[in-house]
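Numbering (the working numbering), first residue to last: 89 to 136. Following: one structure in structure tokens, then a few remarks.
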Amino acid sequence: MGADVAFGKLGGKMKKHYGIKVSSSMVRLINQKHASKIAKLKKKRSLA
89 MGADVAFGKL GGKMKKHYGI KVSSSMVRLI NQKHASKIAK LKKKRSLA
């Protein structure tokens, strides 16, 4: 989610494709949390 669309525009895309309303701040927050989890996994794997 969000890889091909700016955070501010993704809410409209979600509404159009899935019928749900999502604010740009929520999209940004979700993406930041996913990025944090990915970074932790990468660090964990590099230490192994």
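We put the CB at the ideal spot given by N, CA and C, even for glycine. Quick caveat: nothing in here was measured; it's all calculated off a predicted structure.
- Residue environment for residue 98: buried (at least 16 other C-beta atoms within 10 angstroms of its C-beta).
- The beta carbon of residue 112 lies closer than 6 Å to those of 95, 96, 99 in the same chain, with the five residues before and after it left out.
- Between the alpha carbons of residue 116 and residue 93 lies a distance of about 11 Å.
- Sequence-distant partners of residue 103 (beyond 5 residues in either direction) whose C-beta falls short of 8 Å from its own C-beta, in its chain, are 109, 110.
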